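Novice: Can you read through this structure? Questions will come right after.
There are 2 protein chains.
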Amino acid sequence: MTAILEAAERTLGRDPAATMEQIAEAAGVARTTVHRRFATREALVATLAVWATERFAAAVEAARPDTAPPLVALYQTTVNVLSVKADWGFAMGEAADPEAERILAAVRDTCERLLRRAQTAGVLREDVDVEWTRGVYYALIHQAAQSRDGRDTGALATLVVDTLLRGAGTGRPDRL
Amino acid sequence: MTAILEAAERTLGRDPAATMEQIAEAAGVARTTVHRRFATREALVATLAVWATERFAAAVEAARPDTAPPLVALYQTTVNVLSVKADWGFAMGEAADPEAERILAAVRDTCERLLRRAQTAGVLREDVDVEWTRGVYYALIHQAAQSRDGRDTGALATLVVDTLLRGAGTGRPDRL
DNA sequence: GGGAATTGCATCACTCATGTTGCATGTTAT
DNA sequence: ATAACATGCAACATGAGTGATGCAATTCCC
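Following this line, the structure appears as structure tokens:
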């Protein structure tokens, strides 16, 4: 059951237009077996969307983003998300499902709450746009997820947070 | 001709599995007309990949990334790319075509050369990984391209470069 | 061991995107 | 005006993915 969902996540993550046949093959079962669990392709995708999104939300929540110190929460959230999301690609795409969309919006709120806490704590600059920053944070995680050349998840998370906070510049006054 | 390619870029950018019908509709022509220009879907995609990639490469090259001062080149490249790429999504995905792949690799090299020049000039930290930084730069442009809420392209480019160089943090010593 | 459930396999009907063609219409250049 | 060309439209053939079903083999539980 979850084996099929995992295979579907992997397969659809690479190619959103993958066939049921390919998904079944990735799961190591016959195509008809997939159809017995999920009546239609649409149903499979909907279930997958909710399932993957819930795992994602759980990973975020486990980092105590609303209570832990902002920097710790930021780092831990990154680690958790990077561990859970092997490919990430799917759960974040267009949600295809209202329930998944709802969960995703909740996570988005949590994330922006965390960033605002970080701002208050003096970790983030006051003049940055929180929405933009959240987008950048997501993009960095995505980038990290698909460029881990054998790198350890912890190191990857450090890279993400470091890049988010410090950027790549020297900070010299020779600004743009 | 280019009208069809533009429509295809828009349509496939949103949904990579879009049908010829949808592309034709977006271009304001009949489906058969599209088939008269491009024998097969595969041919259309291949042509589009090369076409879009060439526009992308031209936009980068026009910023003189190898000769202009690093910061200027970085900013101008960002502006150019953001102007050309309404949706970006397509030309950057898996290239589907060896020729497009070749051009993309060339741009990638140009970009990393620019970043190394920036490093030498003291704009970028010496300890950052250039490949990672390029990935982050791409991700930021992508992020910017799909979150411009009426923002001006110049402002968007400033945001991208600023985020890339400074990040979102305050730089206080209360590091992770 | 007996029975229930699950799976693989073969098969079939159905839908839909793709690609082709013929014909009529409209546009452009000479 | 007329010839060349491009387009829209309708129709058709084809192939592939989808979804359903019957049957035999298997695994698992009592």
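The listed protein sequences correspond, in order, to chains A and B.
For the first sequence, numbering that gives the first Met the number 0 assigns the number 0 to the initial residue and increments by one for each residue that follows.
For the second sequence, numbering that gives the first Met the number 0 assigns the number 0 to the initial residue and increments by one for each residue that follows.
Heads up, the beta-carbon is just placed ideally off N, CA and C, and yes, glycines get one too.
Quick caveat, the model's predicted, so the values are computed rather than measured.
1. State yes or no: is the C-beta of A117(A) within less than 8 Å of the C-beta of L73(A)?
2. Report the residue ranges of all alpha helix (DSSP H) runs contained in full by the segment 20-98 of chain B; include only those spanning at least 4 residues, in chain order.
3. Is G166(A) close to chain B? Criterion is C-beta to C-beta, closer than 8 Å.
4. Please check if any C-beta of chain B sits within less than 8 Å of the C-beta of S146(A).
5. Indicate whether the contact test is met: 3 or more Cβ pairs, each with one atom in the segment 42-60 of chain A and one in the segment 44-53 of chain B, closer than 8 Å.
6. Count the other CB atoms within 10 Å of the CB of E125(A); is the residue buried (16 or more) or exposed (fewer)?
7. Figure out for me which residue from R165(A), M19(A), L123(A), W131(A) has the closest Cα to the Cα of R107(A).
8. Buried or exposed: L75(A), going by 16 or more other Cβ atoms within 10 Å of its Cβ?
9. For L163(B), which residues of its own chain have a beta-carbon under 7 Å away from its beta-carbon, when the five flanking residues on both sides are left out?
10. Scan the segment 27-49 of chain A for residues whose Cβ lies nearer than 9 Å to a Cβ of chain B and list them as they occur along the chain.
11. Once you ignore the five residues that flank L81(B) on each side, which residues in its own chain have a CB closer than 7 Å to its CB?
12. What did DSSP end up calling G121(B) once you bin it into helix, strand or coil?
13. Taking E189(A) as the reference, give the member of V122(A), R63(A), A56(A), P69(A) with the closest Cα.
14. If you run the structure through DSSP and keep just helix, strand and coil, what is G134(B)?
15. Where do the ends of the alpha helix (DSSP H) carrying G168(B) lie?
16. Tell me whether G12(B) sits in a helix, a strand or coil according to DSSP, three-state version.
17. When the Cα atoms are used, what is the spatial distance from V71(A) to A42(B)?
18. Looking only at its chain, what residues have a beta carbon closer than 7 Å to the beta carbon of A6(B), apart from the 5 residues adjacent to it on each side?
19. G134(B) touches chain A at which residues, Cβ-Cβ below 7 Å?
20. Here's the rule: buried if 16 or more other CB atoms are within 10 angstroms of the residue's CB, otherwise exposed. What is T32(A)?
21. I'd like to know if A16(A) contacts chain B, where contact means its C-beta is closer than 8 Å to some C-beta of that chain.
22. In whole angstroms, give me the CA-to-CA distance for R165(B) and A95(B).
23. For V127(B) and D65(B), what's the separation of their Cα atoms in angstroms?
24. Consider the Cβ of V127(A): report whether some Cβ of chain B lies at a distance smaller than 8 Å.
25. Q145(A) by DSSP, collapsed to three states: which one?
26. Excluding five sequence neighbours on each side, which residues of the same chain lie with their C-beta closer than 7 Å to the C-beta of V160(B)?
27. Would you mind working out which of A67(B), A17(B), T1(B), R40(B) sits nearest R54(B), comparing C-alpha positions?
28. Can you tell me whether DSSP reads A17(B) as helix, strand or coil?
29. Can you tell me whether P169(A) is buried or exposed? The criterion is at least 16 other CB atoms within 10 Å of its CB, across all chains shown.
30. Check the Cβ-Cβ distances between L113(A) and every residue of chain B, and say whether any is below 8 Å.
31. Residues of chain B with CB closer than 9 Å to the CB of E170(A), please, in chain order.
32. Can you tell me whether A29(B) is buried or exposed? The criterion is at least 16 other CB atoms within 10 Å of its CB, across all chains shown.
33. Where A62(B) and L113(B) are concerned, what is the direct C-alpha to C-alpha distance, given to the nearest angstrom?
34. Give the residues of chain B in contact with L11(A), contact being defined as C-beta atoms less than 8 Å apart.
Specialist: Reading it off the structure:
1. yes
2. 30-36, 40-60, 69-83, 88-91
3. yes
4. yes
5. no
6. exposed
7. W131(A)
8. Reading off the sequence shown, one finds Gln at residue 75(A), where the question assumed Leu. Under this definition Q75(A) is a buried residue.
9. V135, Y136, L139
10. none
11. I140, A143, A144, T152, L155, A156
12. coil
13. Residue coverage of chain A in this structure runs from 0 to 175, which leaves residue 189(A) outside it and unanswerable.
14. helix
15. Counting along the chain, G168(B) falls outside any alpha helix (DSSP H), and DSSP gives it neither H nor E.
16. helix
17. 50 Å
18. I22, A25, A26
19. Q142, S146
20. exposed
21. yes
22. 35 Å
23. 20 Å
24. yes
25. coil
26. L73, Y74, T77
27. T1(B)
28. coil
29. It is worth fixing the name first, because residue 169(A) is Thr in this sequence and not Pro. Classification of T169(A): buried, given that the 10 Å Cβ count is 16 or more.
30. no
31. The sequence shown places Gly at residue 170(A), not Glu. What G170(A) touches in chain B: R124, L164, R165, G170.
32. exposed
33. 11 Å
34. Those do not exist, as L11(A) stays about 11 Å from chain B at its closest Cβ, beyond 8 Å.
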